[in-house]
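The numbering of the sequence shown is this note's numbering, which starts it at 495 and goes up by one.
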Amino acid sequence: MAQFFSESEIDGFKECFFFHARKGIIKSEGELSIVIRSLNFCVTKDEVKSYFDKYVAGDGSIDFASFLNVMHEHSQVEDKQKELKAALVAHDTKKQGFVDASELKHILTSIGEKLTSREVETLLREAGMPSSGPINISKFVETVMTPQPDY
Numbered sequence: 495m496a497q498f499f500s501e502s503e504i505d506g507f508k509e510c511f512f513f514h515a516r517k518g519i520i521k522s523e524g525e526l527s528i529v530i531r532s533l534n535f536c537v538t539k540d541e542v543k544s545y546f547d548k549y550v551a552g553d554g555s556i557d558f559a560s561f562l563n564v565m566h567e568h569s570q571v572e573d574k575q576k577e578l579k580a581a582l583v584a585h586d587t588k589k590q591g592f593v594d595a596s597e598l599k600h601i602l603t604s605i606g607e608k609l610t611s612r613e614v615e616t617l618l619r620e621a622g623m624p625s626s627g628p629i630n631i632s633k634f635v636e637t638v639m640t641p642q643p644d645y
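Written out as structure tokens, the structure reads:
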């Protein structure tokens, strides 16, 4: 599965895997769920059960190589950018590809993992988005979902 991930992605997976699975193996669905969620993926209990059942070895555990298979399979299912864009498009009443900044602020401060008003203002400012008026949904999603260099 290494061909599906970059070296830095594999390094991140490895660091998280061995942090949680200190003996180098995952022995339960709960452990698998914790590792996947620690990597900022959203996974359901049914998905975790399916992955565990599919990739568990004869000794009842999942090693790192099998974990990469799990991550590849799950990454094919989850597309955070697409999901965020679809959520915002649902609030685009005029179907023009824009959402009003006040509506976006309301969404971000009241639904899901709520941000504070201050955090939303900072997010918009750092993303170069206006704090009032229409915001281009595609541009907003692309800007906030693009990883920033860590140098």
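Every residue, glycine too, gets a C-beta built ideally from N, C-alpha and C.
Because the structure is a prediction, the values reported are computed rather than measured.
At least 3 beta-carbon pairs within less than 8 Å: the stretch 561-580 vs the stretch 603-619: The stretch 603-619 and the stretch 561-580 do not touch, with fewer than three beta-carbon pairs separated by less than 8 Å.
For PHE592, three-class secondary structure by DSSP: Against the sequence shown, residue 592 aligns to sequence position 98. Three-state result, PHE592: strand.
C-beta atoms of LEU526 and PHE513 nearer than 7 Å: If you number the sequence shown from 1, residue 526 lands on position 32. If you number the sequence shown from 1, residue 513 lands on position 19. Not in contact: LEU526 and PHE513 (Cβ atoms no closer than 7 Å).
Straight-line gap, GLU509 to ILE631 (C-alpha atoms, nearest Å): Taking the first residue of the sequence shown as 1, we reach residue 509 at position 15. Taking the first residue of the sequence shown as 1, we reach residue 631 at position 137. The straight-line gap from Cα to Cα measures roughly 34 Å.
Residue(s) in a DSSP beta bridge with ASN630: Locating residue 630 in the sequence shown gives position 136, where the first residue counts as 1. The partner list for ASN630 (beta bridge, DSSP) reads PHE592.
Bounding residues of the alpha helix (DSSP H) (the contiguous stretch that carries ASP559): As a position in the sequence shown, residue 559 is number 65, starting the count at 1. Per the sequence shown, the amino acid found at residue 559 is Ala instead of Asp. 558-571 is the span of the alpha helix (DSSP H), which, as asked, contains ALA559.
Sub-7 Å separation of VAL635 and LYS589 beta-carbons: Here residue 635 refers to the residue found at position 141 of the sequence shown. Here residue 589 refers to the residue found at position 95 of the sequence shown. Not a contact, by the Cβ cut-off of 7 Å.
SER560 versus SER625, ASP586, PHE507, residue with shortest Cα-Cα distance: Taking the first residue of the sequence shown as position 1, residue 560 is located at position 66. Comparing alpha carbon positions, the residue from SER625, ASP586, PHE507 closest to SER560 is PHE507.
CB of VAL529 within 7 Å of CB of PHE558, strictly: Translated into positions along the sequence shown, residue 529 becomes position 35. Translated into positions along the sequence shown, residue 558 becomes position 64. Going by C-beta atoms, VAL529 is not nearer than 7 Å to PHE558.
Counterpart residues of ILE520 in DSSP-defined beta bridges: Numbered from its first residue, the sequence shown carries residue 520 at position 26. In the DSSP assignment, the residues bridged to ILE520 are ILE556.
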